[in-house]
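In this note's numbering, the protein residues as written are 429 to 672.
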């Protein structure tokens with residue numbers, strides 16, 4: 429069973445942007461009886477993982493948070509939300525499951541911005557093991573050329589599922605497969621009804637959350653375009669949640 433804990437990660441010392449504040453407000457609106465646990469450098473030892481340490485000091489906070497979310501879900505259980513995730517309704521009817529994962533709309537890969545797991549789930553253990561001694565810097569084309577390992581978490585999770593489990597795409601909660609060797613994946617509209625490329629929304633009555641793709645891990649040029657599209661929705665957020 430998944431506990432009523434929402435984990436989220438904010439490693440920057442900068443204040444939350446307005447769009448992030450609006451998303452966090454939606455969590456507290458629809459999840460009033462949940463515990464909210466913020467993970468930052470004050471409560472997590474960034475030196476405990478080479479991946480986290482190097483990603484953190486490189487300013488690549490989104491990649492550092494990949495390990496931290498796996499750590500939080502494995503050791504505590506609960507729900508992990510990226511800070512740019514808007515919640516539309518309670519997760520209560522999913523909490524009896526050992527986990528919940530959905531697909532991302534754009535590429536039919538894992539949506540890692542909304543994850544729910546019971547404490548000690550083996551998929552999270554495999555994910556921790558993947559990151560534990562992995563360097564964030566990787567050797568480039570020459571002896572003096574080093575780059576970041578920027579393989580994103582959804583692809584890593586998909587590879588681990590294919591390696592250790594059988595993946596089963598389901599359409600409803602009733603189709604969930606409780607076999608320990610099977611990972612059931614919910615449809616796109618459950619947790620990721622927004623297109624990564626176009627930002628087109630296809631919300632349905634089954635939608636629990638929306639990932640708004642602020643794209644903190646992107647290169648600067650792509651980040652600027654992503655930020656432009658992100659802030660197009662900001663006025664709507666603020667009006668919706670009555671924030672100034």
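The beta carbon of each residue, even a glycine, is placed where N, CA and C say it ideally should be.
Contact between residue 639 and residue 512 holds: CB atoms are separated by about 7 Å, below the 8 Å threshold. Under the three-state reduction of DSSP, residue 603 is assigned to helix. For residue 592, the secondary structure class from DSSP, reduced to helix, strand or coil, is helix. Rounded to the nearest whole angstrom, the CA to CA distance from residue 487 to residue 500 is 21 Å. Restricting attention to 641, 447, 598 and 492, the CA atom closest to the CA of residue 467 is found in 492. In the three-state reduction of the DSSP assignment, residue 506 falls in the strand class.
In this structure, the alpha-carbon of residue 545 lies about 8 Å from that of residue 429. The region 471 to 482 makes no contact with the region 528 to 543; the number of CB pairs closer than 8 Å stays below 3. According to the DSSP assignment, residue 438 belongs to no beta strand (DSSP E), since it is labelled neither H nor E. The alpha-carbon of residue 503 is positioned some 15 Å away from that of residue 464. Ranked by how close their Cα comes to the Cα of residue 551, the residues 447, 636, 635 and 586 have 586 in first place.
Closest option to residue 541, judged by alpha-carbon separation, among 520, 494, 479 and 599: 494. For a cut-off of 8 Å, the C-beta gap from residue 451 to residue 496 is around 18 Å, too long to register as a contact. Where residue 482 is concerned, there is no enclosing beta strand (DSSP E), although the alpha helix (DSSP H) around it starts and stops at 478 to 485. The residue from 458, 445, 554 and 444 with its alpha-carbon nearest to that of residue 434 is 458.
Secondary structure remark: continuous alpha helix (DSSP H) runs of at least 4 residues inside the region 532 to 560, in chain order: 550 to 560. Per DSSP, the unbroken alpha helix (DSSP H) holding residue 457 starts and ends at 446 to 458. When DSSP states are grouped into helix, strand and coil, residue 495 belongs to the helix group. Our two residues, residue 516 and residue 454, have alpha carbons roughly 7 Å apart in a direct line. The Cβ-Cβ distance between residue 519 and residue 636 falls below 8 Å.
The beta-bridge partner set that DSSP reports for residue 466 consists of 436. The closest CA to that of residue 481, considering only 521, 456, 506 and 439, is found on 439. Comparing alpha-carbon positions, the option among 592, 543, 441 and 608 lying closest to residue 489 turns out to be 441. At the C-beta level, residue 592 and residue 554 come within 8 Å of one another. From the listed residues 642, 641 and 634, the smallest Cα separation to residue 521 is found for 634.
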